[in-house]
Amino acid sequence: MTKLGLEAKDLEPTQTIFHGIVPGLSCSPIGRIRLDVLFGDSNHFRRKPLWFEVVDLSSAYHALLGRPALAKFMAVPHYTYLKMKLSGPKGLITITGDYRKSLECAREGAKLAESLVIAEERRQLDRIVALANETSAAPVPAEEPADEASFKPSKETKKVKLNPEGPSYSKYVVVGTRLDSK
0 MTKLGLEAKD LEPTQTIFHG IVPGLSCSPI GRIRLDVLFG DSNHFRRKPL WFEVVDLSSA
60 YHALLGRPAL AKFMAVPHYT YLKMKLSGPK GLITITGDYR KSLECAREGA KLAESLVIAE
120 ERRQLDRIVA LANETSAAPV PAEEPADEAS FKPSKETKKV KLNPEGPSYS KYVVVGTRLD
180 SK
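Every letter in the sequence shown is one number past the one before it in numbering that gives the first Met the number 0, and letter 141, counting from 1, is 140.
Pasting the structure below:
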(Lines of atoms letter the chains of each structure in order from A and count residues from 1; the text may use other names and numbers.)
(Lines give C-alpha, C1' and ligand atoms only; values in the text may rest on other atoms or scores of the structure.)
Protein backbone atom coordinates (compact mmCIF):
# COMPACT_ATOMS: atom_id res chain seq x y z
CA MET A 1 0.00 0.00 0.00
CA THR A 2 2.77 2.39 0.93
CA LYS A 3 4.59 1.90 -2.39
CA LEU A 4 1.33 2.69 -4.22
CA GLY A 5 0.86 5.84 -2.13
CA LEU A 6 -2.26 4.42 -0.45
CA GLU A 7 -3.35 4.86 3.14
CA ALA A 8 -5.80 2.99 5.37
CA LYS A 9 -8.38 5.77 4.81
CA ASP A 10 -8.42 4.81 1.09
CA LEU A 11 -9.74 1.33 1.90
CA GLU A 12 -13.40 0.34 1.96
CA PRO A 13 -14.76 -2.13 4.53
CA THR A 14 -15.02 -5.78 3.50
CA GLN A 15 -16.68 -8.91 4.87
CA THR A 16 -14.33 -11.32 3.08
CA ILE A 17 -12.41 -14.00 4.98
CA PHE A 18 -9.60 -15.94 3.32
CA HIS A 19 -9.33 -19.65 4.04
CA GLY A 20 -6.57 -21.96 2.88
CA ILE A 21 -3.75 -19.45 2.58
CA VAL A 22 -2.19 -21.40 5.42
CA PRO A 23 -3.69 -24.82 6.22
CA GLY A 24 -6.03 -24.63 9.19
CA LEU A 25 -5.87 -20.84 9.51
CA SER A 26 -8.00 -18.00 8.17
CA CYS A 27 -7.19 -14.35 7.49
CA SER A 28 -9.45 -11.27 7.50
CA PRO A 29 -8.56 -8.38 5.18
CA ILE A 30 -8.17 -4.88 6.63
CA GLY A 31 -10.21 -3.51 3.73
CA ARG A 32 -10.54 -3.49 -0.03
CA ILE A 33 -9.69 -1.09 -2.83
CA ARG A 34 -10.44 -0.78 -6.53
CA LEU A 35 -7.35 -0.26 -8.69
CA ASP A 36 -6.73 -0.12 -12.43
CA VAL A 37 -4.71 -3.11 -13.65
CA LEU A 38 -2.87 -2.83 -16.95
CA PHE A 39 -1.35 -5.66 -19.02
CA GLY A 40 0.91 -5.00 -22.00
CA ASP A 41 3.15 -2.08 -22.89
CA SER A 42 2.61 1.57 -23.83
CA ASN A 43 1.85 0.66 -27.49
CA HIS A 44 -0.45 -2.32 -26.89
CA PHE A 45 -2.29 -2.83 -23.60
CA ARG A 46 -5.55 -3.63 -21.82
CA ARG A 47 -6.67 -1.89 -18.64
CA LYS A 48 -9.51 -2.86 -16.28
CA PRO A 49 -10.45 -1.82 -12.74
CA LEU A 50 -10.23 -4.70 -10.24
CA TRP A 51 -11.13 -5.01 -6.57
CA PHE A 52 -8.28 -6.07 -4.27
CA GLU A 53 -8.69 -7.36 -0.74
CA VAL A 54 -5.85 -5.90 1.38
CA VAL A 55 -4.36 -8.12 4.08
CA ASP A 56 -1.75 -7.31 6.69
CA LEU A 57 0.27 -10.46 6.06
CA SER A 58 3.91 -11.08 5.26
CA SER A 59 4.16 -12.61 1.82
CA ALA A 60 6.53 -12.87 -1.09
CA TYR A 61 3.61 -11.81 -3.32
CA HIS A 62 2.40 -8.23 -3.70
CA ALA A 63 -0.91 -9.17 -5.35
CA LEU A 64 -2.75 -12.34 -6.26
CA LEU A 65 -5.12 -12.47 -9.20
CA GLY A 66 -7.86 -15.06 -8.97
CA ARG A 67 -10.40 -16.44 -11.39
CA PRO A 68 -12.61 -13.32 -11.35
CA ALA A 69 -9.67 -11.14 -12.48
CA LEU A 70 -8.64 -13.61 -15.18
CA ALA A 71 -12.25 -13.83 -16.36
CA LYS A 72 -12.59 -10.05 -16.51
CA PHE A 73 -9.53 -9.86 -18.82
CA MET A 74 -10.53 -13.14 -20.53
CA ALA A 75 -6.93 -14.17 -19.85
CA VAL A 76 -5.63 -17.71 -20.26
CA PRO A 77 -2.82 -18.63 -17.84
CA HIS A 78 -0.38 -21.46 -18.51
CA TYR A 79 1.30 -22.19 -15.19
CA THR A 80 3.89 -24.61 -16.55
CA TYR A 81 5.34 -22.06 -18.97
CA LEU A 82 4.68 -19.06 -16.69
CA LYS A 83 2.76 -17.32 -19.45
CA MET A 84 -0.59 -15.62 -19.66
CA LYS A 85 -2.30 -14.59 -22.87
CA LEU A 86 -5.17 -12.17 -23.40
CA SER A 87 -6.63 -10.32 -26.32
CA GLY A 88 -5.68 -6.69 -26.85
CA PRO A 89 -6.76 -3.95 -29.25
CA LYS A 90 -3.92 -4.82 -31.67
CA GLY A 91 -3.95 -8.61 -31.22
CA LEU A 92 -2.65 -11.02 -28.62
CA ILE A 93 -0.87 -9.79 -25.47
CA THR A 94 1.54 -12.29 -23.90
CA ILE A 95 2.73 -11.84 -20.31
CA THR A 96 5.84 -13.86 -19.42
CA GLY A 97 6.78 -14.72 -15.84
CA ASP A 98 10.23 -15.05 -14.29
CA TYR A 99 11.17 -18.62 -13.24
CA ARG A 100 13.72 -17.47 -10.63
CA LYS A 101 11.29 -15.03 -9.05
CA SER A 102 8.55 -17.67 -9.13
CA LEU A 103 10.75 -20.19 -7.28
CA GLU A 104 11.82 -17.52 -4.78
CA CYS A 105 8.16 -16.64 -4.10
CA ALA A 106 7.26 -20.32 -3.69
CA ARG A 107 10.12 -20.82 -1.19
CA GLU A 108 9.19 -17.69 0.78
CA GLY A 109 5.52 -18.70 0.77
CA ALA A 110 6.39 -22.17 2.08
CA LYS A 111 8.56 -20.66 4.85
CA LEU A 112 5.75 -18.30 5.85
CA ALA A 113 3.17 -21.10 5.88
CA GLU A 114 5.48 -23.31 7.94
CA SER A 115 6.17 -20.55 10.48
CA LEU A 116 2.44 -19.75 10.83
CA VAL A 117 1.56 -23.44 11.26
CA ILE A 118 4.34 -23.88 13.84
CA ALA A 119 3.15 -20.79 15.73
CA GLU A 120 -0.44 -22.11 15.76
CA GLU A 121 0.71 -25.56 16.92
CA ARG A 122 2.73 -23.90 19.69
CA ARG A 123 -0.37 -21.93 20.83
CA GLN A 124 -2.43 -25.14 20.87
CA LEU A 125 0.28 -26.97 22.81
CA ASP A 126 0.44 -24.14 25.36
CA ARG A 127 -3.35 -24.38 25.81
CA ILE A 128 -3.14 -28.14 26.31
CA VAL A 129 -0.32 -27.79 28.86
CA ALA A 130 -2.31 -25.12 30.73
CA LEU A 131 -5.38 -27.37 30.79
CA ALA A 132 -3.27 -30.32 31.97
CA ASN A 133 -1.81 -28.20 34.77
CA GLU A 134 -5.31 -27.12 35.84
CA THR A 135 -6.49 -30.75 35.76
CA SER A 136 -3.53 -32.05 37.77
CA ALA A 137 -4.17 -29.38 40.43
CA ALA A 138 -7.77 -30.55 40.83
CA PRO A 139 -8.37 -33.34 43.38
CA VAL A 140 -8.75 -36.81 41.90
CA PRO A 141 -12.16 -38.28 42.78
CA ALA A 142 -12.28 -41.59 44.63
CA GLU A 143 -12.62 -44.56 42.33
CA GLU A 144 -16.20 -45.69 42.00
CA PRO A 145 -17.10 -49.37 41.79
CA ALA A 146 -17.40 -50.57 38.21
CA ASP A 147 -20.87 -51.57 37.11
CA GLU A 148 -21.96 -53.96 34.37
CA ALA A 149 -21.99 -51.24 31.66
CA SER A 150 -18.45 -49.96 32.25
CA PHE A 151 -15.54 -50.96 30.02
CA LYS A 152 -13.53 -53.98 31.14
CA PRO A 153 -10.54 -55.12 29.09
CA SER A 154 -10.42 -58.78 28.14
CA LYS A 155 -8.03 -60.95 30.08
CA GLU A 156 -7.49 -63.15 27.05
CA THR A 157 -5.25 -61.03 24.76
CA LYS A 158 -2.22 -61.43 22.54
CA LYS A 159 0.44 -59.09 21.09
CA VAL A 160 0.39 -58.69 17.30
CA LYS A 161 3.32 -57.06 15.49
CA LEU A 162 2.12 -54.13 13.31
CA ASN A 163 4.80 -54.76 10.69
CA PRO A 164 5.62 -58.50 10.47
CA GLU A 165 8.68 -57.84 8.24
CA GLY A 166 9.94 -54.99 10.45
CA PRO A 167 12.73 -55.14 13.04
CA SER A 168 12.26 -56.95 16.34
CA TYR A 169 11.78 -53.64 18.18
CA SER A 170 8.83 -52.59 15.95
CA LYS A 171 5.46 -51.59 17.41
CA TYR A 172 2.82 -54.02 18.64
CA VAL A 173 -0.91 -53.84 19.20
CA VAL A 174 -2.77 -55.86 21.85
CA VAL A 175 -5.95 -57.60 20.65
CA GLY A 176 -8.42 -60.00 22.21
CA THR A 177 -7.96 -63.69 21.39
CA ARG A 178 -11.72 -64.26 21.03
CA LEU A 179 -12.11 -61.82 18.08
CA ASP A 180 -13.78 -63.03 14.90
CA SER A 181 -11.25 -63.57 12.07
CA LYS A 182 -13.03 -60.91 9.98
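Glycine is no exception: its CB is placed at the ideal position from the N, C-alpha and C atoms.
Please report the distance separating the alpha-carbon of residue i from that of residue j.
i	j	result
Lys160	Gly175	14 Å
Asp55	Pro76	27 Å
Ser101	Ala59	10 Å
Met0	Arg31	11 Å
Ala112	Leu178	45 Å
Gly182	Gly96	With the chain covering 0 to 181 only, the question about residue 182 has no answer from this structure.
Glu164	Lys158	15 Å
Arg122	Arg46	45 Å
Asn162	Lys154	24 Å
His117	Tyr78	In the sequence under discussion, the amino acid at residue 117 is Ile, which differs from the His named in the question. Looking at the two C-alpha atoms, the distance is approximately 29 Å.
Leu10	Lys170	57 Å
Tell me the residue span of the beta strand (DSSP E) that contains residue i.
i	result
Lys82	82–87
Arg66	Per DSSP, Arg66 belongs to no beta strand (DSSP E); it is in the alpha helix (DSSP H), 66–72.
Gly90	90–95
His77	75–77
Could you tell me which residues DSSP puts in a beta bridge with residue i?
i	result
Gly48	With the sequence shown as reference, residue 48 is identified as Pro, and Gly is not the correct amino acid for it. Answer is Asp35, bridged to Pro48.
Tyr171	Lys160
His61	Paired residue(s): none; His61 is not in a bridge.
Glu11	Arg31
Cys26	Phe17
Asp55	BP columns for Asp55 are empty, so no partner.
Asp40	His43
CB residue i to CB residue j, shorter than 8 Å?
i	j	result
Lys84	Ala74	yes
Arg199	Pro48	Beyond the ends of the chain as shown, which are 0 and 181, falls residue 199; an answer cannot be given.
Gly259	His43	This structure gives no information on residue 259, because the portion of the chain shown stretches from 0 to 181.
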